[in-house]
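Q:
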Amino acid sequence: MAARKGTLTVICGPMFSNKSGELLRLATVHRIAGRAVTLFKHSLDDRYQGVDTISTHGGVSMDAEPVATSSEVSLLAGGADVIAIDEAQFFDEGLAEVAAQLLDGGTTVFVAGLDRNFKGEPFGPMPALMAMADEVMKLKAVCMRCRSLNGTMTQRLIDGRPASRNSPIIQVGAAEAYEARCRDCHDVPD
Ligand code: ZN
Numbered sequence: 022m023a024a025r026k027g028t029l030t031v032i033c034g035p036m037f038s039n040k041s042g043e044l045l046r047l048a049t050v051h052r053i054a055g056r057a058v059t060l061f062k063h064s065l066d067d068r069y070q071g072v073d074t075i076s077t078h079g080g081v082s083m084d085a086e087p088v089a090t091s092s093e094v095s096l097l098a099g100g101a102d103v104i105a106i107d108e109a110q111f112f113d114e115g116l117a118e119v120a121a122q123l124l125d126g127g128t129t130v131f132v133a134g135l136d137r138n139f140k141g142e143p144f145g146p147m148p149a150l151m152a153m154a155d156e157v158m159k160l161k162a163v164c165m166r167c168r169s170l171n172g173t174m175t176q177r178l179i180d181g182r183p184a185s186r187n188s189p190i191i192q193v194g195a196a197e198a199y200e201a202r203c204r205d206c207h208d209v210p211d
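Residue 211 is where the sequence shown ends in the numbering used here, and the numbering goes up by one at each step.
1) Name the DSSP bridge partner or partners of residue 104?
2) Please confirm whether any heavy atom of the ligand ZN lies closer than 6 Å to the CB of residue 137.
3) Report yes if the CB atom of residue 106 is closer than 7 Å to the CB atom of residue 123, and no otherwise.
4) Do you know how far the Cα of residue 36 is from the Cα of residue 43?
5) Starting from the C-beta of residue 158, find all residues in its chain whose C-beta is less than 6 Å away, skip the five residues before and the five after it, and write them out in chain order.
6) Measure the C-alpha to C-alpha separation of residue 186 and residue 140 and round it to an integer number of angstroms.
7) For residue 210, which option in 193, 194, 203 and 178 has the closest C-alpha, if you only look at C-alpha atoms?
8) Roughly how far, in whole angstroms, is the beta-carbon of residue 130 from the beta-carbon of residue 34, given that I think they are within contact range, below 8 Å?
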């Protein structure tokens with residue numbers, strides 16, 4: 022009988038939808054089941070000072086390998102039964118191919134990330150990963166404007182106002198913030 026292939030689960034949604042929390046929950050369940058679990062996070066994200074952990078907004082954290090490219094994931098994934106990757110939207114497009122190789126080798130893969138950027142456009146390797154996935158979990162957050170439970174979009178604010186479509190990624194000297202919003206309240210001025 023041929024060896025079993027792995028499965029791919031993608032956890033996506035806007036900021037503040039607790040994607041990292043769900044990723045850590047699944048990683049914990051597999052650790053309890055006795056599997057070797059390796060966590061990765063994109064090294065761009067160093068919020069809450071822990072560069073070696075994945076942290077949720079709720080304060081839960083687990084050790085994670087900080088990496089910058091999909092090939093680093095491929096190099097460091099050896100020996101793991103389960104791979105969990107956070108902030109996947111920041112990776113290069115090669116992450117989909119790396120995931121496909123891991124699945125062929127029998128590895129269970131969990132990926133969490135923003136499905137769309139603040140403009141509402143598909144983000145990095147996420148659309149390819151979602152198409153390949155055996156299961157996609159699309160989480161919602163509370164819309165911070167109307168308080169509905171339909172927050173599916175990430176709103177970018179610069180100095181308290183909706184960021185325009187062409188606003189630079191890094192706005193020097195400006196107070197930048199993000200919040201979850203529903204489609205009706207999401208605003209991207211031209
Ligand atoms: Zn709303």
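The C-beta atom is built at its ideal place from N, Cα and C for all residues, glycine as well. Since the model is a prediction, treat every value here as computed from it, not as a measurement.
A: Checking against the coordinates, here is how it stands:
1) 59 and 130
2) no
3) no
4) 13 Å
5) 32
6) 6 Å
7) 178
8) In fact, because the Cβ distance is near 18 Å, the residues do not count as touching under 8 Å.
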